[in-house]
Amino acid sequence: MTNGINQDSTLIQDYRKTIGLFATGVTVLIIENKGEVRCMTANAVSSLSLDPIQLLVCPSKKAAFSELLDESAHFSVNILGIHQEDVSNYFAGAKMDIEQSQVHYEKLFSNTSSAPRLKDCLASFSCKIAHQYDGGDHWIVVGEVEELYKKEASVEPLLFFGGKYHYPANPEDEHIKPAADPYQ
234 MTNGINQDST LIQDYRKTIG LFATGVTVLI IENKGEVRCM TANAVSSLSL
284 DPIQLLVCPS KKAAFSELLD ESAHFSVNIL GIHQEDVSNY FAGAKMDIEQ
334 SQVHYEKLFS NTSSAPRLKD CLASFSCKIA HQYDGGDHWI VVGEVEELYK
384 KEASVEPLLF FGGKYHYPAN PEDEHIKPAA DPYQ
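Using our numbering, read the sequence shown as starting at 234 and increasing by one per residue.
#1: For a quick check, are the C-beta atoms of lysine 504 and leucine 341 less than 9 Å apart?
#2: To the nearest angstrom, how far is the alpha carbon of lysine 295 from that of glutamate 269?
#3: What does a CB cutoff of less than 8 Å around aspartate 367 pick up in its chain, not counting 5 residues either side in sequence?
#4: Since I believe arginine 350 is in contact with asparagine 311 (beta carbons under 8 Å), could you give me their beta-carbon distance rounded to a whole number of angstroms?
#5: List the whole-angstrom C-beta distance separating phenylalanine 324 from isoleucine 264, where the pair is believed to meet the contact cut-off of C-beta under 8 Å.
#6: Write down the C-beta distance between leucine 302 and isoleucine 252 rounded to the nearest angstrom, noting that I regard them as a contact closer than 8 Å.
#7: Judging by CA-CA distance, which residue of Ser280, Val261, Leu283, Ser282 is the nearest neighbour of methionine 273?
#8: Could you give the DSSP three-state label for lysine 250: helix, strand or coil?
#9: At the level of alpha carbons, what is the spacing between histidine 364 and leucine 289?
#10: For tyrosine 400, count the other beta carbons within 10 Å of its own beta carbon; 16 or more makes it buried, fewer makes it exposed. Which is it?
#11: Go to serine 282, then tell me how far its beta strand (DSSP E) extends in each direction, as first and last residue.
#12: Could you name the residues that DSSP lists as bridge partners for tyrosine 400?
#13: Ends of the alpha helix (DSSP H) at serine 321?
#14: Considering just the uninterrupted stretch of the beta strand (DSSP E) at glycine 368, what are its terminal residues?
#15: CB phenylalanine 394 to CB glutamate 380, shorter than 9 Å?
#16: Smallest Cα separation from threonine 345: which of Lys267, Asp284, Leu313, Val375?
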């Protein structure tokens, strides 16, 4: 029992299938701490605040990424394009022909204390850890954005929905903007 609710395996599986109906982008998180680097594919990423500029990530406590979490750590959030499905699979632990993970990233931010950035991603955010909270079997990590990168070329995002990758159905169609800017 957790918080008075019996969380049997059926409820957990049903929850995973149901929350999977919320479409997300796909990212790779890269953390660097005292010369060690860990990477992981993640979709539990969200914008949090504009003042200060913050985002949050929620890595599993069992992830190698989480071993390096502490106040001195820096991490990057790298948004993947449709051309990077193999990169997503690699950092999610799938067996790939890629010999070394370092072929995918390097120190590409100007801030020398920032974590590496993924090569050829759509966008990337360099963050320092502002706060970390317990979130059950995951950590809730608030990152303060120090630098950002945005690819100049127009590339479609890699999306995740219903437990699998999705691609824009017709990128030629005009995209409809929301009726209001939620940040104003």
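Just so you know, even glycine gets a beta-carbon here, dropped at the ideal spot from N, CA and C.
The structure says:
#1: Outside the modelled stretch of the chain, which goes from 234 to 417, sits residue 504, for which no answer is possible.
#2: Taking the straight line joining both Cα atoms gives about 17 Å.
#3: Its chain contains Ile373 as the residues whose beta carbon lies nearer than 8 Å to that of aspartate 367, once the 5 sequence neighbours on both sides are disregarded; these appear in chain order.
#4: At roughly 6 Å, the Cβ-Cβ gap stays under 8 Å, so asparagine 311 and arginine 350 are in contact.
#5: No, phenylalanine 324 and isoleucine 264 are not in contact; Cβ-Cβ is about 12 Å, not under 8 Å.
#6: Your pair leucine 302 and isoleucine 252 does not check out as a contact, with CB atoms roughly 23 Å apart and the cut at 8 Å.
#7: Closest option to methionine 273, Cα to Cα, is Val261.
#8: Three-state result, lysine 250: helix.
#9: Computed Cα separation, rounded: 9 Å.
#10: Around the beta carbon of tyrosine 400, fewer than 16 other beta carbons sit within 10 angstroms, so the residue counts as exposed.
#11: Element bounds for serine 282: 278-283.
#12: Answer is none; tyrosine 400 lacks a bridge partner.
#13: Bounds of the alpha helix (DSSP H) holding serine 321 are 318-324.
#14: Its beta strand (DSSP E) spans residues 356-368.
#15: Taking 9 Å as the Cβ cut-off, phenylalanine 394 and glutamate 380 do not qualify as a contacting pair.
#16: Per the C-alpha coordinates, the member of Lys267, Asp284, Leu313, Val375 positioned closest to threonine 345 is Lys267.
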